[in-house]
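First comes the structure, then the notes that go with it.
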Amino acid sequence: MLGNARFVYNWALDRRIKEYQSEKKSISAFTLMTELTQLKKNPEYEWLKLSVAQSLQQSIVNMDKAFTRFFKQKKGFPKFKSKHKGTHSVGFPQNTKVDFENNKVSVNKIGWIKTKISRTFDGKIKTATIEKKPTGKFFVSITVELPDVKVKQKPISKVNAVGIDTGIKTFATLSDGTEIENPKHLKNSIQRLKVLQRRASKKQKGSSNRKKANLKVALLHEKISNQRLDFLHKTTTAIAKQYNTVACENLNISGMMRNHKLAQSIADLGLGRFYTLMQYKMKEQGGNYLEIGRFEPSSKMCGCGVINKNLKLSDRTWTCESCGSINDRDVLAANNILKFALNPKNKTTDGMSGVACGDVGVSQVDEAGTVSGRSLRP
Ligand SMILES: [Zn+2]
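Residue numbers (the working numbering): 6 to 383.
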């Protein structure tokens, strides 16, 4: 089924590219589904019937979505899926059942599968996706529909608000001075990964030693992403529980990724994921998530409003010539982010608008449940 899902994805991608080359138009997912029905009637492709029909249609939908992302979010051009690389997945849009008591999951056409269930859930089961990781492990993820629970959003409390500055040296610095470091085990694992990758690349291509070495790389990769996600979950949960309002800077992660030197460390830190988790956890708690646009002078502007134009990236602290305050650049940045998120109309002494570029997204729900202010960014 995994092989068939990959085949249909690649076939649909190929059809779409060729159609564009010859006819200069995009073939729709609907047309491809009709063509797929015809393809299955061809005895040469009879094996496609071993899959659930909706699973194969799901592959076409996924290919179509990859194009939408490419056009709308300027993500990379959709790639063909390789049999030997990456994670493979197959979707089951209907008839999934879970037996928590006996640790079993049932999907269409396969039936009951013995499973190690990581958590229980309520709600109506919608879809299931089975994934095969490069480590050879299989995972099933299930989406469920829950009743729409309205968490009452608390009003913004300036007393219990915190600004967060994220960086490369220290993972996150909070405006109250708290520093959150990257976990050491994560750093160690990344070092170890480099060693294993180098070892694997020295083995002869196609050899069984190469395969063994690649599996070691894949296993460590899986471990690192688990460690990272665990760290991000614990950190964001702790922050969301402690504060009523959280203010962050919109860092435009994809823009920063183009700078290759920084790319590795930023990818390692999982900053994008951090903001996504932070935002939904605040929402879950009824708290507020504020985001300001990219704010250049955040580490350069003293509490008194004076900007230190000569601040270098290597300067961790600086003394204000005007008021004499000693500023830690990260704590200062976090405080400025908070200040401008709470009051976007703040002006600096230079007459420069505090919000350097992009706008401030602040939304608040009052007692009656009406949303006021500008919309919160996704
Ligand atoms: Zn000052």
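Even for Gly, the Cβ is constructed at its ideal location relative to N, Cα and C. As the structure is a computational prediction, the values presented were derived from the model and not from experiment.
task: Using the DSSP secondary-structure output, state which residues sit across from V167 in a beta bridge.
output: Answer is V251.
- Query: Exposed or buried, L61, counting other C-beta atoms within 10 Å across all chains shown (16 or more means buried)?
  - Reply: Under this definition L61 is a buried residue.
Just how far apart, CA to CA, sit C325 and L224? The C-alpha of L224 is placed about 50 Å away from the C-alpha of C325.
Next item on the list: Can you grab the Cα-Cα spacing for the pair P383 / M283, in whole Å?
Entry: Reliability of the predicted coordinates at P383 is poor, the pLDDT of 29 falling under 50, and the value obtained from them is presented with this limitation in mind. Approximately 12 Å, taken between the alpha carbons.
- prompt: Once you ignore the five residues that flank A10 on each side, which residues in its own chain have a CB closer than 8 Å to its CB?
  reply: Cβ within range, chain order: S56, S60, L61, Q63, S64, H93, S94, V95, G96.
*Rounded to a whole number of angstroms, what is the C-alpha to C-alpha distance between E40 and N67?*
The straight-line gap from Cα to Cα measures roughly 16 Å.
Q | Same chain, Cβ closer than 6 Å to E136, neighbours up to 5 away in sequence not counted | A | Within the same chain, E136 has close Cβ partners T92, S94, F144.
request  = Using 8 Å as the cut-off, classify the Cβ of C253 as near or not near the heavy atoms of ligand 2, replying yes or no.
outcome  = With respect to ligand 2, the structure shown offers nothing to examine, as its ligands consist of ligand 1.
Entirely enclosed alpha helix (DSSP H) segments - the region 271-311, minimum 4 residues | If you keep only unbroken alpha helix (DSSP H) runs of at least 4 residues inside the region 271-311, you get 276-289.
Quiz item: Can you tell me the Cα-Cα spacing of V149 and I122, whole angstroms?
Solution: C-alpha separation (whole angstroms): 15 Å.
_For C307, count the other beta carbons within 10 Å of its own beta carbon; 16 or more makes it buried, fewer makes it exposed. Which is it?_
Here C307 is buried, its C-beta having at least 16 other C-beta atoms within 10 Å.
_Can you give me the C-alpha to C-alpha distance between I130 and E184, rounded to a whole angstrom?_
About 41 Å.
Tell me whether G310, by its Cβ, gets closer than 8 Å to a heavy atom of ligand 1. Remark: the C-beta of G310 is in contact range of ligand 1, defined as less than 8 Å to any heavy atom.
*C-beta atoms of T250 and K286 nearer than 9 Å*: Contact: no.
Based on Cα-Cα distance, which residue from I229, G310, D333, C309 lies nearest to K317? It is D333 whose Cα lies nearest to the Cα of K317.
query: Hey, how far is the Cα of D355 from the Cα of N315?
result: The pLDDT assigned to D355 is 38, lower than 50, so where the model puts this residue is not dependable, and the model offers no usable value.
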